[in-house]
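Novice:
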Amino acid sequence: MAKTKTVIGSAAVNRKKPLWVRAKRDVTRNWDLYLIILPILVFYAIFHYAPMYGAIIAFENYKPARGILGSEWVGLENFRTFFGTYYFWTLLRNTLRISFTSLLVHFPTEILLAILINELRSKRFARVVQTVTYMPHFISLVVVCGMVLQFTKSNGIITKLFGMNTPMLNNPNLFLPIYVVSDVWQQVGWGSIIYLAALTSIDQELYEAAEIDGAGRFKQTIYITLPGILPTVTVLFIMRIGKVMSLGSDKVLLLYNEAIYDKADVFATYVYRRGIENTDWSYSSAVGLFNSVINLALVVTANTISRRVNQLSIW
Amino acid sequence: MRKLTRGEQIFNIFNVLFLFLMIVISIYPMLYVFFAAFSTPSAYMRQGGNKLLFCPVGFSLASFKAVFKNPSIWTGYGSTIFILAVGVPINIVFTMIGAYVLSRKQLRIRRFLSLLILFTMYFSGGMIPIYLNVRNFGLDGSLWALIIPNAINTFNLIIMRTAFEEVPDSLEEAAKLDGASQLTILFKIMVPLVVPTIAVLILYYAVYHWNSWFNAMLFIHKREKYPLQLILRELIIQNSSIFSSELSTSGAEDEMISETIKYATIVVATVPILAAYPFLQKYFVKGIMVGAVKG
Amino acid sequence: MKRRILALCIALILAVSFAAGCTGNSNSKPNSGTTSNSSQSAEFSYPIPGNHTLTYFGKLHKNVAQQTSSYADLPITKLWFEKTGVTLEFNTPAEGMEKEQLNILLAGGNYTDIMVYSWLSYSGGLNKLLKDGVIQDITSHMGEWMPNLSKYYADHPDVDRQVKDDSSRYLCIPFLKQGRALLSTQGPNYRQDLLKETGLEPPQTLDEWEAVFVKIKELHPDIAPLTGTYNDICRFCQPAYGVSDTSWFVDNTKTVRFASLEDGFKQFITRMADWYSRGLIDSNFATYDVTTVNNVMSSGMGFATYGSSMDKYNAANVDNGDYLVVAERTPGLKPEERVTYVAQYEFGSNPFAVISTKCTEVEVAMRMYDWAFSPEGYRTLNWGIEGESFTIHDDGLEYYTDLILHNPDGLSTAQALAWYVMAGIKGPAMLAQDERYMIQYYSQPIQVEALQRWGDKDYEFRGFPPVSLTDDETSEFVALMADIDTYVESMCVKFILGQEPLSNWDNYVQTLKNMNIQRAIDIQQAAVNRYYAR
């Protein structure tokens, strides 16, 4: 006797039908949703997917005058040049180190700041703190780095604080802490905003119920607040992992110097120094493509882990 | 309100102290910028940027005069305000719609669509194809080139989608039973529940438009249409020492301005944001009662 | 039958008159759209008839940008248009943004008729632009349409060699610096007031400088005797050892040399390391950039440096007692010795013009730009408008008026010059700068002295010549040098800082050889050989 599967709901039925039938059914069922998202899909098609053919520049010897389709095809040569640099592993190591350290320090500090502000009893003071802490975000990087250089030179304030008398940025091992700490200083306030917003949407009733059950504030934070903002934190974390290879040159350029290339030089600054930013498109395009592939791999990994652990996935 | 435990009282005190320290180290750079901007340029150069400033070095409006002397600064504000006024609503509306649809679990191809959209965050054609693409749509030279191609930021869209996902399904079902269309559900029911996130996104988009100059450099060719940041950037470069490899015939304060003008431009660019921010802030600091959601 | 013959005759007549009409238009050359009266038999005179307009791309010089928004507003531009009879339509991005704008222009194919840019920094150079169909080869028309510039080349064969390409073609219209004063706009400068305190004479050799530095350190422990970026220190002290002030130079046997492989360079670095360990070099020098050095000097924290900003330092310290920064010549090792392999060239460091393939009126463009090299053009573009910006004195020479030097509206000399003198804003016309324009423009004695002292070097053996590498050579060279330069810079700074012991020098040199420096040298040598064969 053939076993018949109990059919409950459309899911099981759909599994048995071919793809196009499923798709058609989905569209007819949810036509209103598909309609309203259509312009957005068109937007992505036009402004993001259409120019993607430009990625072939990475495989050409591109000259603007010849155009993208007219330039000579060179296959993987640009990549070979790129991987063949004496400094490839140093650059890769530094890029990853600086990016990951930044990421891993930014997250807890921003979340912590948001929670602390949230815990303040005086709402007015909370607003003042919040307003003031985001201000450094708006100061241009040049000025912030100028300040950092001043504070860490041979007789700078911070240098003296640590009892040293040589410029801190001559020491390759100090580059990373200086970079990350100054980054946090500048960005923690701004970065905490999204967490503050997430905190406000946690249901107040949960807190009230916990109070009644006798849980103190600390316990409330652990069992209500943190889980409450977990989706936001996870999503942001996964997306930011995807920016790890794209570490920009701006800040490194302003803070580094020849003596600490070993620990401070990253892909973006190496490419910049090559002086090719605007004349050797093929090379920078190849580097960009490489970065994108790694970034995507990192995101997929992070997302898979998140899906297993948290059942949270960004797609 | 029950009485606070000893532990909680201590915590509160430390919290306040710590955050007060945070205020001090966060506000100092901004104060420095203000002091430097109002300093006499030559006096500022003379003290060499070495010391902590607690007040302007000398007092002079020379740096600000240099900034506002440039007639394009007013058109700069104008262009940027136009971009904000038109761009941010477009950004928010489209981001909301996209995020909402992608948060609806009943869509079978939800994952596929999300992937398609996320992919664009990591792969891009590069500056030249993007430029040519925008040009092919006839947007080159228009301020719309700064608005339309950037209508949706994927990062923000995902944030918004997460917010929508947090809203209980029961609401949507109840509304559907009442016969509401998707758009009604979105705007009448969902939006009020995610106000904090919307506020944050308005802030993100607004600040993005306010600070951006690179796209304007590519697409805008008439100085009258340059947005604010591009004008300011030009100003700094014009006054900087980097490009002069010859002796100058200075003696005029103009030459001294290269340092302090950087600070004046920051003040000019940031004051409007500082002024506008408190209006948005109340939407995402705790204190707004998010209405209890009951069946 | 009769009709047919008639038709045939008519056809014949038509054909003959058609052919006659065609050959009658023999003056039309492929790229010149001007009517015939401006070329060949008739004697040519300006203005060029026909009211032509050409398009122009080039950066807007900052001295102009500070005061107005277009070159077209300047009286001197209007005069130039009037005299040549041609108008330009300007596309002028701000200084600092022209690189991106240029690439957009090239990518989109919207070349303007005239494009002014630092083409030598464009990968592959002018030859690449020619091969890619961006610019035109104007060699064949030089004699006919640019007689003034051709004469200039004939009178200055060394300049001619700089401008031509390796196949002796002319691909551009140059902007030229003439005279030692224009070639020497930077150099060592120091605090004269502090020197007086030491009681020592202005130092001429490295040893003398060392003695001065030691004394300064004694008297003022907080002031850094020698400050500047790593490059500044190189330009100050490296030439004394006969190895130029940068990585590449061509010695007096026309052989290419790479500084790091030379013994003289090792001596230079050794000495700098010694100075650094004794506190004679600013301990923060590695972290400096141009702006920071200016701050250091202006705030009195530095004694001597290398550069062109002494005016800024003095201006910031106008009411600061005896503070005065003056210039000194680049020191040699022995007294009276002039440094070699450092002097610049007349051509190449300033942006210059090319004529694009989109230009259909090449004769007009060339003749317009040739005017600058005629006696009248030379005078006008270097000095301005007679009676307004300059007058001629009894000695027959031009002198600026007070409108420029002491402007009644309070404009600085640089700003006033921007309205009248294209030699100062380096465009939009291409011209040969008159040395006296700069000498005149610097009114203070210490500035004129600066030009003289900084100009006191060897001109027979200059810095690395403006060679051209082919496209393939460029890719290979750039790839090699990206790593080699990184290595050289980081090692040299570390040697000076003492982070790397000098005993490792041989390893350093060996690593360079392993990085295939020889190949880079060979590429450069080939280019230099081609250069001298021009």
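Chains as they are written, first to last, in the numbering used here: chain R, 13 to 327; chain Y, 823 to 1117; chain E, 900 to 1433. Don't be surprised by glycine CBs; every beta carbon is placed ideally from N, CA and C. No experiment lies behind these values; they were computed from the predicted model shown.
In chain order, which alpha helix (DSSP H) runs of at least 4 residues are fully inside the stretch 1202-1249 of chain E?
Specialist: 1209-1215
Novice: Mind checking the stretch 958-977 of chain E against chain Y and listing, in chain order, the residues whose C-beta falls within less than 7 angstroms of any C-beta there?
Specialist: K961, A964, Q965, S968
Novice: Give the residues of chain E in contact with Q869/Y, contact being defined as C-beta atoms less than 7 angstroms apart.
Specialist: Against the second sequence, residue 869/Y aligns to sequence position 47. In chain order: S1198.
Novice: From the DSSP secondary-structure annotation, give me the bridge partner or partners of P345/R.
Specialist: This structure leaves residue 345/R out entirely; chain R is present only between 13 and 327.
Novice: With DSSP as the reference, label T952/E as helix, strand or coil.
Specialist: Numbered from its first residue, the third sequence carries residue 952/E at position 53. Of the three classes helix, strand and coil, the one that applies to T952/E here is strand, per DSSP.
Novice: Anything in the stretch 1365-1385 of chain E with a Cβ closer than 7 angstroms to a Cβ of chain R? List those residues in chain order, please.
Specialist: V1377, A1378, A1381, D1382, T1385
Novice: Could you tell me which chain R residues have their CB closer than 9 angstroms to the CB of L1396/E, listed as they occur along the chain?
Specialist: For this step, residue 1396/E is matched to residue 497 along the third sequence. Going along chain R in sequence order, the residues near L1396/E (Cβ under 9 angstroms) are T178, N182, A271.
Novice: Tell me the rounded alpha-carbon separation between F857/Y and T1082/Y.
Specialist: By one-based count along the second sequence, residue 857/Y stands at place 35. By one-based count along the second sequence, residue 1082/Y stands at place 260. C-alpha separation (whole angstroms): 10 angstroms.
Novice: With a CB to CB cut of under 6 angstroms and the five nearest residues on each side skipped, what residues in its chain are close to I852/E?
Specialist: The structure shown does not extend to residue 852/E, since chain E is modelled only from 900 to 1433, so the question has no answer here.
Novice: Using a Cβ-Cβ distance cut-off of 8 angstroms, determine whether P1100/Y contacts chain R.
Specialist: By one-based count along the second sequence, residue 1100/Y stands at place 278. Taking Cβ atoms only, chain R reaches closer than 8 angstroms to P1100/Y, which makes this a yes.
Novice: What separation, rounded to the nearest whole angstrom, lies between the Cα atoms of I980/Y and V140/R?
Specialist: The residue labelled residue 980/Y in the question sits at position 158 within the second sequence. The residue labelled residue 140/R in the question sits at position 128 within the first sequence. If I take the Cα positions, the gap works out to 29 angstroms.
Novice: Cα-Cα, which of G203/R, R136/R, N167/R, K231/R is closest to M147/R?
Specialist: As a first step, residue 147/R is located in the first sequence; it is residue number 135 there, counting from the start. Nearest C-alpha to M147/R: G203/R.
Novice: Since R1237/E and G1086/E are thought to touch, with beta carbons under 8 angstroms apart, how far apart are those beta carbons, to the nearest angstrom?
Specialist: Here the question's residue 1237/E lines up with position 338 in the third sequence. Here the question's residue 1086/E lines up with position 187 in the third sequence. With 8 angstroms as the limit, R1237/E and G1086/E do not qualify as a contact, their Cβ atoms being about 13 angstroms apart.
Novice: Considering only their Cβ atoms, is the gap separating E997/E from Y1016/E smaller than 8 angstroms?
Specialist: What you label residue 1016/E is simply residue 117 of the third sequence in a count that begins at 1. What you label residue 997/E is simply residue 98 of the third sequence in a count that begins at 1. Yes, the pair counts as a contact, with Cβ atoms nearer than the cut-off.
Novice: By DSSP, does S864/Y sit in helix, in strand, or in coil?
Specialist: Here the question's residue 864/Y lines up with position 42 in the second sequence. Secondary structure at S864/Y: helix, using DSSP grouped into helix, strand and coil.
Novice: Could you pull the DSSP bridge partners for W1147/E from this structure?
Specialist: Along the third sequence, read from residue 1 onward, the residue named residue 1147/E stands at position 248. Beta-bridge partners assigned by DSSP to W1147/E: F1157/E.
Novice: Considering only C-alpha positions, which residue in the set R1090/E, R1156/E, H1040/E, A1317/E is nearest to D1210/E?
Specialist: Numbered from its first residue, the third sequence carries residue 1210/E at position 311. Selected option, being the one with the closest Cα: R1090/E.
Novice: Is it a yes or a no for the stretch 1049-1060 of chain Y touching the stretch 983-1001 of chain E, going by three-plus beta-carbon pairs under 8 angstroms?
Specialist: yes
Novice: Between L186/R and the rest of its own chain, which residues show a CB-CB distance below 6 angstroms, the 5 nearest in sequence each way excluded?
Specialist: Counting from one through the first sequence, the residue named residue 186/R turns up at place 174. For L186/R, where only same-chain residues beyond five positions count, the Cβ hits under 6 angstroms are M180.
Novice: Who are the near neighbours of S1158/Y in its chain, counting only those whose CB is closer than 7 angstroms to its CB and skipping five residues on each side?
Specialist: Lying outside 823 to 1117, the shown extent of chain Y, residue 1158/Y is not represented and no answer is given.
Novice: Counting only beta-carbon separations shorter than 8 angstroms, does E988/Y have a partner in chain R?
Specialist: As a working note, residue 988/Y is residue 166 in the second sequence. Using a Cβ-Cβ cut-off of 8 angstroms, E988/Y counts as an interface residue toward chain R, since at least one Cβ of chain R sits closer than that to its own.
Novice: So which residues of chain E does Q166/R contact, with C-beta pairs closer than 7 angstroms?
Specialist: In the first sequence, residue 166/R corresponds to position 154, counting from 1. Note that residue 166/R is Ser in the sequence shown here, rather than Gln. Within 7 angstroms of the CB of S166/R, the CB atoms of chain E belong to S1182, N1183, in sequence order along the chain.
Novice: Does K77/R have its Cβ less than 8 angstroms from a Cβ in chain E?
Specialist: The residue given as residue 77/R occupies position 65 in the first sequence. According to the sequence displayed, residue 77/R carries Ala and not Lys. It does: the Cβ of A77/R has a partner Cβ on chain E nearer than 8 angstroms.
Novice: Is the CB-CB distance between V1033/E and T1256/E below 8 angstroms?
Specialist: Against the third sequence, residue 1033/E aligns to sequence position 134. Against the third sequence, residue 1256/E aligns to sequence position 357. Their beta carbons are under 8 angstroms apart, which means V1033/E touches T1256/E by this criterion.
Novice: Tell me the DSSP secondary structure of N73/R in three-state form.
Specialist: In the first sequence, residue 73/R corresponds to position 61, counting from 1. If DSSP states are grouped into helix, strand and coil, N73/R belongs with the strands.
Novice: I need the straight-line Cα distance from T1006/Y to G920/Y, nearest angstrom please.
Specialist: Within the second sequence, numbered from 1, the residue matching residue 1006/Y stands at position 184. Within the second sequence, numbered from 1, the residue matching residue 920/Y stands at position 98. Their backbone Cα atoms lie some 15 angstroms apart in a straight line.
Novice: Quick check for students: name the residue ranges of the alpha helix (DSSP H) that lie wholly in the stretch 983-1042 of chain E, counting only runs of 4 or more.
Specialist: 997-1007, 1024-1030
Novice: CB Y207/R to CB I123/R, shorter than 8 angstroms?
Specialist: In the first sequence, counting from the first residue as 1, residue 207/R sits at position 195. In the first sequence, counting from the first residue as 1, residue 123/R sits at position 111. A contact, by the Cβ cut-off of 8 angstroms.
Novice: Say whether chain R places a C-beta atom closer than 8 angstroms to the C-beta of E1388/E.
Specialist: Along the third sequence, read from residue 1 onward, the residue named residue 1388/E stands at position 489. By this cut-off, E1388/E is an interface position.
Novice: With a threshold of 6 angstroms on Cβ separation, who are the neighbours of Y1129/E within its own chain once the five nearest residues in sequence on each side are excluded?
Specialist: Here residue 1129/E corresponds to residue number 230 of the third sequence, with the count starting at 1. Around Y1129/E: V1392.
Novice: Any idea what DSSP makes of W85/R, helix, strand or coil?
Specialist: Taking the first residue of the first sequence as position 1, residue 85/R is located at position 73. Looking at W85/R - three-state DSSP - the assignment turns out to be strand.
Novice: Count the other CB atoms within 10 Å of the CB of F836/Y; is the residue buried (16 or more) or exposed (fewer)?
Specialist: Taking the second sequence and counting its residues from 1, one reaches residue 836/Y at position 14. F836/Y is classed as exposed because its beta carbon has fewer than 16 other beta carbons within 10 Å across all chains shown.
Novice: DSSP three-state call for L1048/E: helix, strand or coil?
Specialist: Indexing the third sequence from 1 puts residue 1048/E at position 149. Reduced to three states, the DSSP call for L1048/E is helix.
Novice: DSSP three-state label for L959/E, please.
Specialist: Translated into the one-based positions of the third sequence, residue 959/E becomes position 60. Looking at L959/E - three-state DSSP - the assignment turns out to be strand.
Novice: Looking only at its chain, what residues have a beta carbon closer than 8 angstroms to the beta carbon of F279/R, apart from the 5 residues adjacent to it on each side?
Specialist: Within the first sequence, numbered from 1, the residue matching residue 279/R stands at position 267. Within the same chain, and ignoring the five residues on either side of F279/R in sequence, the residues whose Cβ sits closer than 8 angstroms to its Cβ are L103, L104, T107, M257, L259, V299, N303.
Novice: Can you name, in chain order, every residue of its own chain whose Cβ lies under 8 angstroms from the Cβ of A35/R, other than the five neighbours on each side?
Specialist: On the first sequence, position 23 is the one that residue 35/R refers to. The answer is none, since no qualifying residue turns up.
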